[in-house]
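Chains as they are written, first to last, in this note's numbering: chain L, 3 to 209; chain P, 3 to 209; chain Y, 3 to 209.
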Amino acid sequence: MAWFMPREENFFELFERAAENANLAAGELLELLEKFDDVRARSKRIKDIEHAGDKITHDTIERLNRTFITPMDREDIHELICRLDDIADSVDTTAHRMVLYRIEKPTEDCKKLAACLHHATGVLVEAMPLLRDMKNTAKLRERVIAVHEQENQADQVLSHAIAGLFQNEPDAREIIKWKDVYQEIETATDRCEDVANILDAIMMKNA
Amino acid sequence: MAWFMPREENFFELFERAAENANLAAGELLELLEKFDDVRARSKRIKDIEHAGDKITHDTIERLNRTFITPMDREDIHELICRLDDIADSVDTTAHRMVLYRIEKPTEDCKKLAACLHHATGVLVEAMPLLRDMKNTAKLRERVIAVHEQENQADQVLSHAIAGLFQNEPDAREIIKWKDVYQEIETATDRCEDVANILDAIMMKNA
Amino acid sequence: MAWFMPREENFFELFERAAENANLAAGELLELLEKFDDVRARSKRIKDIEHAGDKITHDTIERLNRTFITPMDREDIHELICRLDDIADSVDTTAHRMVLYRIEKPTEDCKKLAACLHHATGVLVEAMPLLRDMKNTAKLRERVIAVHEQENQADQVLSHAIAGLFQNEPDAREIIKWKDVYQEIETATDRCEDVANILDAIMMKNA
Numbered sequence: 003m004a005w006f007m008p009r010e011e012n013f014f015e016l017f018e019r020a021a022e023n024a025n026l027a028a029g030e031l032l033e034l035l036e037k038f039d040d041v042r043a044r045s046k047r048i049k050d051i052e053h054a055g056d057k058i059t060h061d062t063i064e065r066l067n068r069t070f071i072t073p074m075d076r077e078d079i080h081e082l083i084c085r086l087d088d089i090a091d092s093v094d095t096t097a098h099r100m101v102l103y104r105i106e107k108p109t110e111d112c113k114k115l116a117a118c119l120h121h122a123t124g125v126l127v128e129a130m131p132l133l134r135d136m137k138n139t140a141k142l143r144e145r146v147i148a149v150h151e152q153e154n155q156a157d158q159v160l161s162h163a164i165a166g167l168f169q170n171e172p173d174a175r176e177i178i179k180w181k182d183v184y185q186e187i188e189t190a191t192d193r194c195e196d197v198a199n200i201l202d203a204i205m206m207k208n209a
Numbered sequence: 003m004a005w006f007m008p009r010e011e012n013f014f015e016l017f018e019r020a021a022e023n024a025n026l027a028a029g030e031l032l033e034l035l036e037k038f039d040d041v042r043a044r045s046k047r048i049k050d051i052e053h054a055g056d057k058i059t060h061d062t063i064e065r066l067n068r069t070f071i072t073p074m075d076r077e078d079i080h081e082l083i084c085r086l087d088d089i090a091d092s093v094d095t096t097a098h099r100m101v102l103y104r105i106e107k108p109t110e111d112c113k114k115l116a117a118c119l120h121h122a123t124g125v126l127v128e129a130m131p132l133l134r135d136m137k138n139t140a141k142l143r144e145r146v147i148a149v150h151e152q153e154n155q156a157d158q159v160l161s162h163a164i165a166g167l168f169q170n171e172p173d174a175r176e177i178i179k180w181k182d183v184y185q186e187i188e189t190a191t192d193r194c195e196d197v198a199n200i201l202d203a204i205m206m207k208n209a
Numbered sequence: 003m004a005w006f007m008p009r010e011e012n013f014f015e016l017f018e019r020a021a022e023n024a025n026l027a028a029g030e031l032l033e034l035l036e037k038f039d040d041v042r043a044r045s046k047r048i049k050d051i052e053h054a055g056d057k058i059t060h061d062t063i064e065r066l067n068r069t070f071i072t073p074m075d076r077e078d079i080h081e082l083i084c085r086l087d088d089i090a091d092s093v094d095t096t097a098h099r100m101v102l103y104r105i106e107k108p109t110e111d112c113k114k115l116a117a118c119l120h121h122a123t124g125v126l127v128e129a130m131p132l133l134r135d136m137k138n139t140a141k142l143r144e145r146v147i148a149v150h151e152q153e154n155q156a157d158q159v160l161s162h163a164i165a166g167l168f169q170n171e172p173d174a175r176e177i178i179k180w181k182d183v184y185q186e187i188e189t190a191t192d193r194c195e196d197v198a199n200i201l202d203a204i205m206m207k208n209a
């Protein structure tokens with residue numbers, strides 16, 4: 003038993019590191035938008051964080067291949083780490099688009115969306131250690147609900163942002179660019195919700 | 003045995019209510035487009051239907067947590083109720099965009115898309131009670147095929163609509179708006195197809 | 003035992019045919035873009051290939067319904083054949099859009115994206131026969147990585163293409179059209195990656 007335990011523990015640690023990595027990426031994006039200096043350098047830093055996330059995902063899958071007894075269904079481990087990875091991917095895509103589209107100035111709505119995302123990833127950081135003990139079901143469910151709330155709020159900010167674009171932006175090319183940027187941040191919050199739904203499903207199976 | 007049966011029955015009832023709710027939302031959208039009066043009030047009514055759907059989904063997941071023996075795989079119950087919920091979500095998003103984009107007059111293509119969606123959700127309403135008896139495989143498969151047909155038809159209407167936009171609409175901003183509205187309705191028919199595919203998979207497992 | 007084996011073998015053959023079909027579709031798209039003559043006739047040929055794919059998918063699901071012992075999880079067979087089918091679907095959508103949008107001349111970036119897709123589907127054609135023997139794990143993983151590489155390259159071509167559009171194309175309507183065409187080809191490479199991920203998951207379960 004003792005022989006297996008340390009290996010099992012490692013999956014939880016990997017989930018925690020993946021959530022922290024997603025939160026780090028979201029934090030960097032928020033800072034990029036708030037300061038908007040050295041956008042290329044900041045974008046490069048986010049790319050590095052995204053790569054670190056790929057490494058965590060890769061390590062998790064390698065470990066999964068070498069482990070006979072897993073603390074939860076193999077498929078759930080695979081799905082959970084992939085969706086956590088997606089969050090940093092979307093943050094990276096967002097930062098990359100800011101550079102690609104030669105965005106000159108971030109909007110207030112953009113900052114608000116990034117703040118929702120940062121908040122949602124922070125909740126995932128809190129949620130992950132709760133997976134270690136299935137007695138934490140109630141606490142875990144609170145976090146799941148909190149992620150859903152952030153995603154709903156991001157939806158509302160997105161609505162407001164898109165309506166504003168059509169009313170105030172005469173250049174259709176700018177509308178296309180900004181819609182893309184806004185929607186990618188919103189996609190990242192959707193991925194947070196996917197992670198929350200997987201946590202929900204894991205709880206359900208172990209209830 | 004008798005102790006479990008009533009609880010099991012309830013899942014089927016919840017699926018039926020969720021399909022009826024999706025159908026109700028699609029019907030309201032079709033009426034909104036056909037009459038196009040009181041758009042805000044009608045949009046608000048669709049939002050209420052969407053919230054009723056969230057409640058059904060929430061009740062289903064709560065019940066899932068309290069039930070030891072389920073009439074089908076827990077994961078399938080979870081997936082089925084979530085995808086049914088997505089339909090009313092997309093209908094709500096569509097109506098919300100009509101308001102957000104300050105659409106002044108619906109197009110014929112838009113009404114046709116909504117009619118496909120209404121039809122597809124109607125087929126789901128017919129399909130759900132068939133889940134109660136796995137001997138209904140043949141009838142259920144007919145409904146699955148009927149949903150696929152509606153989705154194919156919606157695809158064709160969407161193609162026609164998009165081609166028309168590029169040929170007849172000089173304002174790129176209007177093209178962006180209408181593409182979004184059309185695609186969201188088409189997404190709702192895709193979700194109907196997802197539900198049909200889950201029904202297919204459930205049949206397969208129980209064959 | 004001998005009675006079951008031939009039937010099991012058939013699933014592998016169906017996967018191989020589905021991958022070859024996706025590769026055929028991608029090859030036709032590449033040729034359409036390189037020659038750009040008879041676009042409607044070529045688009046029609048791609049539609050026929052897509053329908054052949056639907057037939058393979060349908061046959062697979064029918065067989066699944068009639069088979070008691072499957073060589074891998076039923077759900078994985080279902081998922082694998084559906085995602086393989088999606089590739090030809092996206093190729094068909096791309097060709098269809100070229101016609102629908104009355105595209106007059108393909109771009110270099112468009113050809114590069116189609117080349118990535120053709121390459122990725124070629125790797126899937128190589129990967130499928132490896133599924134027949136789970137001792138091929140290492141070789142299969144090589145192919146999975148190769149598909150990921152093509153998907154990454156397609157991402158980079160897409161970035162370059164989109165940046166070029168915003169810098170060089172003054173007509174927002176053309177930007178909308180090309181973004182759609184580019185993104186649909188990129189979506190097809192994403193579906194190749196989905197197939198690779200399913201192969202990964204199947205390997206994992208059988209490790």
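Don't be surprised by glycine CBs; every beta carbon is placed ideally from N, CA and C.
Query                                                                                                                             : Result
Spatial distance of GLY29 of chain L from ILE178 of chain Y (CA atoms)                                                            : 31 Å
Neighbourhood of GLU22 of chain P by C-beta distance below 6 Å, restricted to the same chain and skipping five residues each side : VAL127
Candidates L:CYS112, L:ARG44 and L:PHE17: closest to LEU86 of chain L by CA position                                              : L:PHE17
Cβ-based contacts, 9 Å cut-off: residues of the region 48–69 of chain P near chain L                                              : ILE63, LEU66, ASN67 and ARG68
Three or more C-beta pairs below 8 Å linking the region 71–83 of chain P and the region 142–152 of chain P                        : no
Simplified DSSP state of ARG193 of chain P, which is helix, strand or coil                                                        : helix
Contacts that ALA174 of chain Y makes with chain L (C-beta to C-beta distance below 7 Å)                                          : ALA174, ARG175 and ILE178
ILE79 of chain Y versus MET136 of chain L: straight-line alpha-carbon distance, rounded                                           : 32 Å
Proximal residues of chain L, C-beta to C-beta of ALA156 of chain Y below 8 Å                                                     : Result: empty, since nearest Cβ-Cβ is about 14 Å, beyond 8 Å.
Chain-ordered neighbours of GLU77 of chain P on chain L, where CB pairs are closer than 9 Å                                       : ALA203, MET206 and LYS207
TYR103 of chain Y versus SER45 of chain Y - alpha carbon distance                                                                 : 13 Å
Beta-carbon proximity check, GLN152 of chain P vs VAL125 of chain P, cutoff 8 Å                                                   : yes
Under 7 Å from the C-beta of ILE164 of chain Y: neighbouring residues of chain L                                                  : LEU102
C-alpha distance - LYS49 of chain Y paired with ASP94 of chain Y, whole-angstrom precision                                        : 6 Å
Distance between beta carbons of LEU35 of chain L and CYS112 of chain L, contact taken as under 8 Å                               : 6 Å
C-alpha distance - ASN199 of chain P paired with ALA148 of chain Y, whole-angstrom precision                                      : 30 Å
Rounded C-alpha distance that separates ASP75 of chain L from LYS207 of chain L                                                   : 9 Å
Cβ pair LEU115 of chain L, ILE187 of chain L closer than 8 Å                                                                      : yes
HIS98 of chain Y versus P:HIS162, P:MET205 and P:SER92, residue with shortest Cα-Cα distance                                      : P:HIS162
Contact belief for ARG261 of chain Y with PHE13 of chain Y at Cβ below 8 Å, rounded distance in angstroms                         : What the structure shows of chain Y is the stretch from 3 to 209, and residue 261 of chain Y is not part of that stretch, so it cannot be assessed.
C-alpha distance - LEU167 of chain Y paired with TRP180 of chain Y, whole-angstrom precision                                      : 8 Å
Reference THR109 of chain P, options P:ILE58, P:CYS194, P:LEU26 and P:LEU32, closest by Cα                                        : P:LEU32
Given GLY157 of chain P as reference, the closest of P:THR191, P:PRO131, P:ASP88 and P:PRO172 once Cα atoms are compared          : Per the sequence shown, residue 157 of chain P should be read as Asp rather than Gly. The residue with the shortest Cα to Cα distance from ASP157 of chain P is P:THR191.
Expected contact under 8 Å - CB spacing of ALA129 of chain L and ALA27 of chain L to nearest Å                                    : Rounded, the Cβ-Cβ distance is 17 Å, inconsistent with contact.
Residue-chain proximity (HIS150 of chain L, chain Y), Cβ-Cβ < 8 Å                                                                 : no
Length of the line joining the Cα atoms of ASN25 of chain L and CYS194 of chain L                                                 : 10 Å
Proximity to MET155 of chain L [Cα-Cα], best of L:GLU176, L:ASN138, L:ALA122 and L:ASP173                                         : Contrary to the premise, residue 155 of chain L reads as Gln rather than Met in this sequence. Comparing Cα positions, the closest option is L:ALA122.
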